[in-house]
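Trainee:
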Amino acid sequence: MKKLFTLIILGGLLIVLLSSIAELPPIGEKTNPSYNEIAEYYISEGAEDTGSTNLIAAIITDYRAFDTLGETTVLFTGIAAVVSLIGVFHHRKSDKEEEHHG
Numbered sequence: 001m002k003k004l005f006t007l008i009i010l011g012g013l014l015i016v017l018l019s020s021i022a023e024l025p026p027i028g029e030k031t032n033p034s035y036n037e038i039a040e041y042y043i044s045e046g047a048e049d050t051g052s053t054n055l056i057a058a059i060i061t062d063y064r065a066f067d068t069l070g071e072t073t074v075l076f077t078g079i080a081a082v083v084s085l086i087g088v089f090h091h092r093k094s095d096k097e098e099e100h101h102g
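Using the working numbering, read the sequence shown as starting at 1 and increasing by one per residue.
1) Assign A80 to one of two classes, buried (16 or more other C-beta atoms within 10 Å of its C-beta) or exposed (fewer than that).
2) Note down, in chain order, each residue of its chain lying with its Cβ closer than 6 angstroms to the Cβ of P25, except the 5 sequence neighbours on either side.
3) So for E48, helix, strand or coil by DSSP?
4) Taking the alpha helix (DSSP H) that I9 belongs to, which residues open and close that run?
5) In this structure, does DSSP put T31 in helix, strand or coil?
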């Protein structure tokens, strides 16, 4: 029963994913949401607005600072989780080795 429920949920998620992908506009088409006036504004006014000579750094640190902070937080959390798991497994392994030698 549990396996059937899991398969139904996964099938539903697959249908939602595939229907969402089917609705995406073609890559490179001018009607894509990524091609809008914001990108043009960043390129034409970014250096003047931020006072930076590096346009990429200006966009990341000035215009998209909150988004970059969120991405950094996610990466840091992932790294911290992996490091903590490595530490847990290392301690378990060393405890088992001490039991065999002790």
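For each residue, glycine too, the CB sits at the ideal point set by N, CA and C.
Mentor: In terms of the structure at hand:
1) Exposed, by the Cβ-count rule.
2) So the qualifying residues of the chain are T31, N32.
3) It is helical.
4) Looking at the DSSP string, the run of the alpha helix (DSSP H) that includes I9 is 2-22.
5) Looking at T31 - three-state DSSP - the assignment turns out to be coil, as it is neither helix nor strand.
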